[in-house]
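**Q** After the structure tokens below, expect a handful of questions from me.
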Amino acid sequence: MASARAKGHRRRVRSGCAAFALLLAGTAAHSAPAVADDAAVTETALSITGTPEPDGRPVDLDVSILTTAPSTPRPAIVLAHGFGGTKADSAQTGRSLARSGYTVITYTARGFGTSGGRIHLNDPAFEGADARKVVDLAAQRPEVLKDAGDPVVGFAGGSYGGAISLVVAGLDPRVDAIAPAFTWSSLTQALFPQYAVTAPPTALADVSPVDQTGVFKQRWASLFFLGAGGREQNGTGEGSDLGLCGRFSAELCQGYLQTAESGRPDPGLVRLLDRSNPERLLAHITAPTLLIQGETDTLFPLDHADANLRGLPASTPAKMVWVEGGHDTQIDIDALLPHLEAWFGRYLKRDGSAPDTSFQIAVPKTSLVGQDPDQDTPVLTAASYPGRNSALQTSSFPLSGGAQTFISPPGGTPAALTNLPGTGGALGTLSSVGGYALGVLPGQSATFTTPPLTEPVTLAGSGSLELSVTSTTPDATLFISLWDLGPDTRTTPDPAGRGVTATPGTAVLPGLAVAPVRLGGLRPNTPQTVRVALPPVAHQVPVGHRMQVVASSTDQAYAVPSGTSVYRVDLGASEQLVLPRLQASAADPTRLDVPMPLVIVVSGLVLAGLAGMVLLWLRRRHAHPREDLRNTPLLVQDLVKTYGDGFRAVDGVSFAAERGQVVGLLGPNGAGKTTTMRMLVGLIRPDSGTIHVHGDPVHAGADVLVSVGAFIEGPGFLPHLTGWANLQAYWQATGRPIEEAHLDEALAIAGLGAAIHRTVRGYSQGMRQRLGIAQSMLGLPSLLLLDEPTNGLDPPQIKAMRSVLADYAASGRTVVVSSHLLSEVEQTCSHVVVMHRGTVILTGSMAELTATDDVTLVGLAEGSDVEAAQVVLRRAGLATVVENGVIRATGTLPRSEVVARLVEAGYPVESVDGRRQLEEVFMSLVGPPGQEADGTDAVLSARSADG
Amino acid sequence: MAERTKALPLRAEIRRQLRRRRTQGIFTVIMLLPLILIGAFALGSEENDSGARGFVDLAQDSGANLVVFALFASTSFLLIVVVALFAGDTVPSEASWSSLRYLLAAPVRRERLLRQKLIVAGLFSVAALVLLPAWTLLVGGFAYGWGPYIGPTGDQIGWPEFGWRLAVITGYLLVSLLVVASFAFALGVWTDAPLAAVGGAVLLMILSAILDSITALGGIREGLPGHYAYAWADALSPTVDYSAMATGALWSVGYGVVLIGLAVWHFLRKDITS
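Order-wise, the sequence lines are chains A and B.
Each residue of the first sequence is one higher than the one before, counting from 1 in this note's numbering.
Each residue of the second sequence is one higher than the one before, counting from 948 in this note's numbering.
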């Protein structure tokens, strides 16, 4: 599991890197660690002579030696395969360990694969002796490290291979460390389990059965028997027609057949099995022992590992690990590699790691809201295994249920179904009410339940309780199980007042395990108190759930008596369920595991961001002010702006505004006035050209803009605020003290009266316009820029505006007003800048532009002969032209003289004017509409004429 | 001219945003959420006889459970919308009111404007994300009691431990929503359209969630914004595994820096024509 996590981590590292590389177009550093090296593993296959069969027939064993460095002596690990397998099963694990620096020896046990001989179920005299010969081989091989002449060698294996590890460690002191997994302590107890116990447990999964053979575990036994090797392959050539017994030794086969047929243990078989029990050898084991047992294992449940651990001498270093898996699901030793490497690293490589005699347990949980497949099973760690070097602590839970009577059905059917051994935990997913209905048959079971839990309970190991059993027959067979039941389904109360049978919302049988109990020699119809152990499991029961002890008369996985009995089962005197209490903490407390490339890339980005901020700060340019322009409120030079679409909105605009002037920026729509205005306050960046306000260059956010008030292209207010609040919000945004704002003056200009306290959302356009102009005047800026200020104003308001602007300029400040309404500007401005198509075509004071000495406009009375009057003037040396019925006379003649000549000639002069209309000037420069094509020429000629 | 760094003080920006209907609406929704949940549970409580306890049953165990349920229910959408609104709307709304140009001409330096806007959007987001669990806890505590948090696997987290866990969760949510905030913010700066900013950010998260559901994409999914949105649930285990939260936070910060960097880079060069 841990290796899977490590792999997952590497995957994440690489994918994270790749994704960020996509994001950053390859700037991310690829520093993913290399996946495990593929160093070549050399495999040497050979054959050694094993122990002869009892009939004297020789036995050869098929052996392989795996190493990455054949010439280097390394610590050896012997990997023994499981029942029905061969040495090839261990190849993958062997290669991994070889790459970790071990010489790995794999061999096929006798009775399997191409090895000879028969199966004696790890009898020390046969398989045990064979294993010693493998140690002999290790002692001879140059690949194997020697310590004072003895080979440094460890044994590991799962199930059948785990048992041989224990056996050889008990037989041969040359074995330096072992790691048996998923294996048995007593085959008798495994195949004829008895959970009626003599005393309360002393260790976490202590099941010390009474001295009476238990219930035949028929289904598993059949699978075990049928799994005997040699049924398909018979590479040695012997026994090609082995028949029913396969390659089992004849006595074993005979004993099994007897047992299977009767359903009761054959004494001969029990004797043989007892020879194979490692428990007799445990006291001789000095090699440090790592015991790994699966939590879903109804063949060799956790109590076997417990018995093995307790059987070891106290001085033998040992560690217990309970993992997910087991014979009911999977017993892959490859998943245990991290455990193996840690154990053998310390005791074979002597890598100096700290001794570890802790206890590790994976505790599956019931989800209160359906199963979450993504969730890792939490792993808890205790400093030591409770019951070895530390006392077992227990908690008690009250049970209720009362005496219940049920039958053992004739013929043993129907039988409860709790597990289907050999199907890989097919029933494991049936953790709902359906499983409960199959496993707890009404009329065939008694139930005793705890109240709902107020805090979660970790079931770790084997609980126990006392039962009072009364049977109508001298024998009683019971199957005790412990269920995790969710809260009952809510049901509406029965109108009759009787409770409706409630079914639990969820039901989980941890480990799918039941504890068979066989009681013999009972006095019929007389209660007898028995102490029973519950099946050892690892499981967490959530809050609100109840624990239920079920005593059932049948279970399909076992041979049940075919005779009929009636049982009456009640709780013993204590009425308590006693559970071991585990003092453990999560194995890896607070975890923090982050892909390193991601950390590096993000740190780099953050640093880059910080650097960017510093750069921005440094770039706050104190661009060079021009001291010579300190007294020029505004100087614009050669502004050019081309928009992204190629439209050149402003093309070389230059003009100046002096103190006290009201400068009109004039031109038709699209002349570039607004763009220019926006550039004046840094909203738009000019392509080229400069703007100086009081000598300070203007750019976006330039400090000098403090002295500029602007109203550009309409007002901009927060619609949800009142006019008053808007002015305040704007002034707050400038960050200047409120005293500088001169709010009262601004309010007077806005002239909104009480409406100033209404939200801007309801304002008319004119009201907003006036508020906007008032906003631009906040703080009484020395330069006021107004873009089309009279839009939306009615004539009296326009008139008032004119005087406001005039007064404003009169106070020594400067106003720039843009407009497309020439007549308006004419009456407001002291100076004008006329723009057309992005260029300035005319600048100057109003007086200069419109008043000229050499032009006299003469209007005659209605009906006068204009043509004749022109002749008079031409004679006087003037050039004349008639515009709109008015004679325009151009020449050096003084104006009074011009009038005098006409009056003398008898023409009725009605008006005389020396000024031109601004519009007239403008039109004369750009030409009438429709002649746009030659507009540029007109501008050019106008300029040259001006100069 | 004197150095002027005081333009657009946070106080001013907070006032600008606080009085908006949008802001008030969001906080109203947050205040109503636990009440709505409790009301809905009260209406539906008699109907459940399907057996297994669901998240809804669990949510009624205690105020702590209601908080977790509320966060669980709002992670995928409500919080995204809230943060996207605060961060995405702040610049383009000024543009749409035409007030942006007056702020910039006031003058407020452009980088400063973005900074202040971001800080205030962040403050409002923090306020919303703190208010939601705190208020839900208060309301839930009165409705369902002040018992410990009970997880889906039956694990309990009592007080004051749950308080710390809630702080971790809130902190992680804030960081993990940075990617939403920065995307909305960048989009807002780029488009000047409030709807595009908020909608775009929400759309991005929806698209990302769709892509995330395609397991065939493998490891690339880990880089999708929102992939680690629910990593805060790790803080509710008996022992906290910070790995996923840290990874999610790093991705979020990484995206955030890039997106905000792009936004600033663009805004500094942008011609303000709104």
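For every residue, glycine included, the Cβ atom is placed at its ideal position computed from N, Cα and C.
Note that the structure is a prediction, hence the values are computed from the model and not measured.
Report yes or no: do three or more beta-carbon pairs, one from the stretch 46 to 56 of chain A and one from the stretch 132 to 143 of chain A, lie closer than 8 Å?
**A** Yes, the stretch 46 to 56 of chain A touches the stretch 132 to 143 of chain A.
**Q** Quick one: is Phe397(A) near chain B, going by C-beta distance under 8 Å?
**A** For Phe397(A), the answer is no, since every Cβ of chain B falls outside 8 Å of its Cβ.
**Q** Met596(A): which of Gly986(B), Leu1197(B) and Gly1166(B) sits nearest, CA to CA?
**A** Nearest C-alpha to Met596(A): Leu1197(B).
**Q** Can you give me the Cβ contacts of Leu1013(B) inside the same chain, cut-off strictly under 8 Å, excluding the 5 residues immediately before and after it?
**A** Pro981, Leu984, Ile985, Ala1006, Gln1007, Thr1083, Leu1084, Val1086, Gly1087, Ala1090 and Tyr1091.
**Q** Using a Cβ-Cβ cut-off of 8 Å, state whether Gly1208(B) counts as contacting chain A.
**A** Yes, because at least one Cβ of chain A sits closer than 8 Å to the Cβ of Gly1208(B).
**Q** Beta-carbon separation of Ser1045(B) and Ser1221(B) under 8 Å?
**A** It is a contact, given that the beta carbons lie within the stated cut-off.
**Q** Let me confirm a value: Val903(A) is counted as buried when at least 16 other C-beta atoms fall within 10 Å, else exposed. Which label applies?
**A** Exposed: under 16 other Cβ atoms inside 10 Å.
**Q** Taking C-beta pairs closer than 8 Å, name the residues in chain B that His757(A) reaches, listed in chain order.
**A** Ordered by position in chain B, no residue passes the 8 Å Cβ test against His757(A), which lies about 14 Å from the chain.
**Q** Leaving out the 5 sequence neighbours to the left and right, which residues in its chain are closer than 7 Å to Arg648(A) when beta-carbon positions are compared?
**A** Cβ neighbours of Arg648(A) beyond the five flanking positions: Thr642 and Gly838.
**Q** Interface residues of chain B around His720(A) at Cβ under 7 Å?
**A** The answer, in chain order, is Arg966, Arg967 and Arg968.
**Q** So if I threshold CB-CB distances at 7 Å, which residues from the stretch 1166 to 1185 of chain B count as touching chain A?
**A** For the stretch 1166 to 1185 of chain B, which is checked against every Cβ of chain A, the residues closer than 7 Å are Gly1166, Ile1167, Glu1169, Gly1170 and Pro1185.
**Q** List the whole-angstrom C-beta distance separating Leu348(A) from Val152(A), where the pair is believed to meet the contact cut-off of C-beta under 8 Å.
**A** Right, the Cβ-Cβ distance comes to about 6 Å (below 8 Å), so this counts as a contact.
**Q** Determine, for Tyr107(A), whether the minimum Cβ-Cβ distance to residues of chain B falls below 8 Å.
**A** So no, Tyr107(A) is outside the interface.
**Q** What is the DSSP secondary structure of Asp1218(B), counted as helix, strand or coil?
**A** In the structure shown, Asp1218(B) sits in coil (DSSP, three-state: anything other than H, G, I, E or B).
**Q** Give, in chain order, every residue of the stretch 199 to 215 of chain A whose Cβ lies closer than 7 Å to some Cβ of chain B.
**A** The stretch 199 to 215 of chain A vs chain B, Cβ under 7 Å: nothing.
**Q** Start and end of the alpha helix (DSSP H) containing Glu920(A)?
**A** Run containing Glu920(A): Leu918 to Val926, per the alpha helix (DSSP H) assignment.
**Q** Please confirm if the stretch 827 to 842 of chain A is in contact with the stretch 867 to 879 of chain A, defined as three or more CB-CB distances below 8 Å between the two stretches.
**A** Counting Cβ pairs under 8 Å, fewer than three are found: no touch.
**Q** Could you tell me whether any non-hydrogen atom of the ligand MN is closer than 7 Å to the CB of Asp1139(B)?
**A** The ligand MN is absent from the structure shown, which contains no ligand whatsoever.
**Q** In whole angstroms, what separates the C-alpha of Ala741(A) from that of Ala810(A)?
**A** If I take the Cα positions, the gap works out to 20 Å.
**Q** Alpha carbon to alpha carbon, how far is Pro58(A) from Gly117(A)?
**A** If I take the Cα positions, the gap works out to 8 Å.
**Q** Rounded to the nearest angstrom, what separates Pro73(A) and Ser276(A) at their Cα positions?
**A** So the alpha carbons of these two residues sit roughly 33 Å apart.
**Q** Check whether the Cβ atoms of Val606(A) and Val1200(B) lie closer than 8 Å to each other.
**A** Yes, the Cβ-Cβ distance between Val606(A) and Val1200(B) is below 8 Å.
**Q** Can you list, in chain order, the residues of its chain whose CB lies under 6 Å from that of Leu97(A), leaving out five sequence neighbours each side?
**A** Same-chain partners within the cutoff: Ile77 and Val104.
**Q** If you follow the beta strand (DSSP E) that Asp913(A) is part of, which residue opens it and which one closes it?
**A** Val909 to Asp913 is the extent of the beta strand (DSSP E) around Asp913(A).
**Q** Answer with buried or exposed for Thr106(A), where buried requires no fewer than 16 other C-beta atoms within 10 angstroms of its C-beta.
**A** Label assigned to Thr106(A): buried.
**Q** Looking at chain B, is there any beta carbon in it that lies within less than 8 Å of the beta carbon of Val832(A)?
**A** By this cut-off, Val832(A) is not an interface position.
**Q** Quick one: Cα of Asp570(A) to Cα of Gly325(A), how far?
**A** Using only the alpha carbons, I get a separation of about 34 Å.
**Q** If Leu485(A) sits next to Gly544(A), beta carbons under 8 Å apart, how far is it from one beta carbon to the other, in whole angstroms?
**A** Actually they do not touch by this definition, with Cβ atoms about 10 Å apart.
**Q** Using a Cβ-Cβ cut-off of less than 8 Å, list which residues of the stretch 680 to 702 of chain A approach chain B; keep chain order.
**A** Listed by position, the residues of the stretch 680 to 702 of chain A near chain B (Cβ gap below 8 Å) are Val681, Gly682, Leu683, Ile684, Arg685, Asp696, Ala700, Gly701 and Ala702.
**Q** What residues from chain B crowd round Thr734(A), counting only those whose CB sits closer than 7 Å?
**A** Per Cβ cutoff of 7 Å: Ala954 and Ala1053.
**Q** Looking at Leu665(A) and Val816(A), is the spacing between their C-beta atoms short of 8 Å?
**A** Yes, these two residues count as a Cβ contact at 8 Å.
**Q** Between Tyr195(A) and chain B, is any beta-carbon pair separated by less than 8 Å?
**A** Not closer than 8 Å to any Cβ of chain B, the Cβ of Tyr195(A) fails to qualify, so no.
**Q** Do Gly609(A) and Gly1208(B) come within 8 Å of each other at the CB atom, strictly closer than that value?
**A** For Gly1208(B) and Gly609(A), yes; Cβs fall inside 8 Å.
**Q** Is the shortest distance between the beta-carbon of Ser1045(B) and the beta-carbons of chain A less than 8 Å?
**A** Ser1045(B) counts as touching chain A.
**Q** Could you pull the start and end residues of the beta strand (DSSP E) that Thr377(A) belongs to?
**A** Where Thr377(A) is concerned, there is no enclosing beta strand (DSSP E), given that its DSSP letter is neither H nor E.
**Q** If you measure beta-carbon to beta-carbon, which residues of the stretch 1054 to 1075 of chain B are closer than 7 Å to chain A?
**A** Taking 7 Å as the Cβ-Cβ cut-off against chain A, the residues of the stretch 1054 to 1075 of chain B that qualify are Pro1054, Val1055, Arg1056, Arg1057 and Glu1058.
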